[in-house]
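K.L.:
Below you'll find the structure I mean.
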Amino acid sequence: MKSLLLISLLLADALSFVVPRAGQEVDYSGFKALRLKLSEQSEDIEAQIEELAAHVLNPGRSELLDVVVAPENVDAVTALAAESTVITEDVGAAFKEETLATKDEVSVAAVPSETWFTAYHPYADHITFLRDLQSGFTSQSEIITTGTSVQGRTLTGIHIWGSGGKGSKPAVLFHGTVHAREWISTMTVEYMAWQLLTKYSTNSTVKAMVDKFDFYIIPIVNPDGFVYSQTTDRLWRKNRQTVSGNSCVGRDINRNWPYKWEVTGGASTNPCSETYKGQAAGDSPENKGLVAHVNSLRDSKGLTLYIDFHSYGQYILWPYGYNCNVVVDNDAQHRSLATRAASAIRAVSGTRYTIGPACSTLYATTGDSTDYTDAVGQSTYSYTYELRDTGNYGFTLPASQIQPTIRETWEGVVSMVRDA
Ligand SMILES: *[C@@H]1O[C@H](CO)[C@@H](O)[C@H](O)[C@H]1NC(C)=O
Ligand SMILES: [Zn+2]
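Residues -16 to -1, 1 to 404 in mature numbering (1 follows the signal peptide of the UniProt record, and there is no 0) are what the sequence shown spells out, letter by letter.
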């Protein structure tokens, strides 16, 4: 009884800061990022930790849990774990190393320069970036939209084609920022588009890539969550959809795809969880738009390669997420492309990636994008990249690491596109 009371008191405490009052930003000063080792696979202990933590950084990974915890809850959380190490002493202080650029001064539409990739940017500037980039290459690109978010933002991307003309080749599709806090994924996906267009006329490797495929590139597929991560809670992951009768907000769009969504164990049915799957398969508006786009690519020239960019962990993963014993029929080809991509990345910078099928390599995930693009979208290849780092900075990778990350990742992607 006593411990129950204690837990509910701590819980009330925990909830008081994850729900900021309107217009107020969550202040993570003094919060610690901890890596916890759990003594046994106890869902009960995990649930208690989840409730005490402000955020679980790697939900689903049950033997090693990375969490962000308010100073007053650190003792309670570490007491529940078998072992704990501090990843970040002061999360709020670490955020300051990120540097969010203020509104860009350049207002005349011009092809963005490479300095764009030296800082993180507000949402509106990302849309401007895409429009400015497209306006420099009007004969081989166009702005595309793939649906609307809960709050009415348009999911915006760019379609790039080569000498065969618009829509003449099989599709390569890149998604970024399905998880709002994974800001490095936005920059990485934008760099892919920027490289393909600005290097097309001078680099034969790039020209060959663009002439071989139609590229569909959507840097921010969760715009509401991304905005919320910039205005209110830097560690926000999900969309901003409500559930009637529950005060918790957000579906995990990457647990909402309508393929094996109903399978248990790879997502949460609790609206307060970081991996809340939604009330029905594909019931987030963002997911509906993405599904329609994937299906339309499948039904036109077909999908050859899909990559969903995330952070962090340095993994290249392929289907399936929903079941560790089900192997894709072209598993060997997936492994071969991923092996070469990981070598290409390592050759640039020494950064090491772990590769493998998602469920057996990382953890079970149901309703995730790559299971869908493989099984329903019929993409020849489907990958999830978990970008830098391995937890030291986690989601708040310093701006100084944007260029090293995007450059190494680019070479991994070039290798995949060449071999696909
Ligand atoms: C062309 O681009 C590829 C892929 O990034 C790169 O490896 C190669 O060095 C570039 N070639 C030149 C001449 O810059
Ligand atoms: Zn993610």
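We put the beta carbon where it would ideally sit given N, CA and C, even for glycine.
Three-state secondary structure (DSSP) at T380?
P.N.:
Residue state, collapsed to three classes: coil.
K.L.:
Shortest alpha-carbon distance to Y304 belongs to which of V53, T253, G378, T349?
P.N.:
Comparing Cα positions, the closest option is T349.
K.L.:
Quick one: is the Cβ of V227 within less than 6 Å of any heavy atom of ligand 1?
P.N.:
Result no, Cβ not under 6 Å from ligand 1.
K.L.:
According to DSSP, is E73 helix, strand or coil?
P.N.:
Looking at E73 - three-state DSSP - the assignment turns out to be coil, as it is neither helix nor strand.
K.L.:
Look up L(-11) in the DSSP assignment and say whether it is helix, strand or coil.
P.N.:
Only weak support is given to the placement of L(-11): the predicted model assigns it a pLDDT of 40, under 50, and the value that follows is read from those uncertain coordinates. Residue state, collapsed to three classes: helix.
K.L.:
Please name the residue or residues paired with V227 in a DSSP beta bridge.
P.N.:
According to DSSP, V227 bridges with N230.
K.L.:
Count the other CB atoms within 10 Å of the CB of T389; is the residue buried (16 or more) or exposed (fewer)?
P.N.:
Classification for T389: buried.
K.L.:
Looking at the structure shown, is A155 part of a helix, part of a strand, or coil, going by DSSP?
P.N.:
A155 falls in the strand class under three-state DSSP.
K.L.:
Taking 6 Å as the cut-off, is the C-beta of V332 nearer than that to any heavy atom in ligand 1?
P.N.:
Not under cutoff, so the answer is no.
K.L.:
Hey, could you find the ends of the alpha helix (DSSP H) W245 is sitting in?
P.N.:
Note, W245: premise wrong, no alpha helix (DSSP H); not H, not E.
K.L.:
Return the chain-ordered ranges of every alpha helix (DSSP H) run that is complete within the stretch 183 to 209 and spans a minimum of 4 residues.
P.N.:
With a minimum length of 4 residues, the continuous alpha helix (DSSP H) runs that stay inside the stretch 183 to 209 are 188 to 196.
K.L.:
With burial defined as no fewer than 16 other Cβ atoms inside 10 Å of the residue's Cβ, what is the status of E246: buried or exposed?
P.N.:
Answer is exposed; the Cβ neighbour count stays below 16.
K.L.:
DSSP three-state label for H163, please.
P.N.:
Three-state DSSP puts H163 in coil, outside helix and strand.
K.L.:
Is the beta carbon of L281 sitting closer than 7 Å to the one on L287?
P.N.:
Closer than 7 Å, so yes.
K.L.:
What is the C-beta distance between G273 and L139, in whole angstroms, given that I count them as a contact (C-beta under 8 Å)?
P.N.:
5 Å between Cβ atoms; contact.
K.L.:
For H105, which residues of its own chain have a beta-carbon under 6 Å away from its beta-carbon, when the five flanking residues on both sides are left out?
P.N.:
A85, listed in sequence order.
K.L.:
Using CA atoms only, rank isn't needed, just tell me which of A192, L64, D116 is closest to G141.
P.N.:
Cα-wise, what sits closest to G141 is D116.
K.L.:
By alpha-carbon positions, which one of Y369, H318, V156 ends up nearest to Y296?
P.N.:
Taking only the C-alpha atoms, the option nearest Y296 is Y369.
K.L.:
Which whole runs of the alpha helix (DSSP H) in the stretch 246 to 333 are 4 residues long or more, in chain order?
P.N.:
Whole alpha helix (DSSP H) segments, 4+ residues: 269 to 283, 315 to 333.
K.L.:
Return the chain-ordered list of same chain residues with a C-beta closer than 7 Å to the C-beta of S333, the five sequence neighbours on each side being excluded.
P.N.:
If we look at S333 and ignore the five residues flanking it on each side, its Cβ neighbours are P388, E392.
K.L.:
Have a look at the DSSP bridge pairing and note the partners of Y369.
P.N.:
Beta-bridge pairing links Y369 to F293, I300.
K.L.:
Less than 7 Å between the C-beta atoms of A17 and V52, yes or no?
P.N.:
Result yes, Cβ atoms of A17 and V52 sit closer than 7 Å.
K.L.:
Distance, Cα to Cα, V95 vs N307?
P.N.:
Approximately 44 Å between the Cα atoms of the pair.
K.L.:
Can E270 be considered in contact with ligand 3, in the sense that its beta carbon sits closer than 6 Å to one or more heavy atoms?
P.N.:
Ligands displayed in this structure: ligand 1 and ligand 2; ligand 3 is not among them.
K.L.:
D50 bridges to which residues according to DSSP?
P.N.:
R19, per the DSSP bridge assignment.
K.L.:
Counting only the same chain and skipping the five closest in sequence on each side, list residues whose C-beta sits under 7 Å from that of R224.
P.N.:
Within the same chain, R224 has close Cβ partners V134, Q135, D208, G209, Y212, V233, G234.
K.L.:
With a threshold of 6 Å, establish whether the CB of V398 neighbours any heavy atom of ligand 1.
P.N.:
Within the cutoff, so yes.
K.L.:
Regarding A277 and ligand 2, is the C-beta to nearest heavy atom distance less than 6 Å?
P.N.:
Sequence inspection shows His at residue 277; the Ala mentioned does not correspond to that position. No; taking the cut-off as 6 Å, the Cβ of H277 has no heavy atom of ligand 2 nearer than that.
K.L.:
Counting only the same chain and skipping the five closest in sequence on each side, list residues whose C-beta sits under 6 Å from that of residue 407.
P.N.:
The structure shown does not extend to residue 407, since the chain spans only -16 to 404, so no value can be given for it.
K.L.:
Using C-beta distances below 7 Å, list every residue in its chain close to W302, excluding the 5 sequence neighbours before and after it, in chain order.
P.N.:
Correct list, in chain order: V312, H318, A322, P341, A342, T354, S366, Y367.
K.L.:
Going by DSSP, what residues sit across from L84 in a beta bridge?
P.N.:
For L84, which the question treats as bridged, DSSP gives the partners Y104.
K.L.:
Please classify Q8 as buried or exposed, where buried requires at least 16 other C-beta atoms within 10 Å of its C-beta.
P.N.:
Exposed, by the Cβ-count rule.
K.L.:
As a quick check of your reading: which residues have a C-beta less than 6 Å from at least one non-hydrogen atom of ligand 2, in chain order?
P.N.:
Result (chain order): H163, E166, H294.
K.L.:
Check for me: the beta strand (DSSP E) holding S125 runs from which residue to which?
P.N.:
Here the beta strand (DSSP E) through S125 covers 125 to 132.
K.L.:
Measure the Cβ-Cβ separation of G160 and P203 and say whether it is below 7 Å.
P.N.:
For G160 and P203, yes; Cβs fall inside 7 Å.
K.L.:
Just to confirm my understanding: we take K285, look at its own chain, exclude 5 residues before and 5 after, and list those with CB closer than 8 Å. What are they?
P.N.:
If we look at K285 and ignore the five residues flanking it on each side, its Cβ neighbours are G151, S152, K153, P154, A155, D198.
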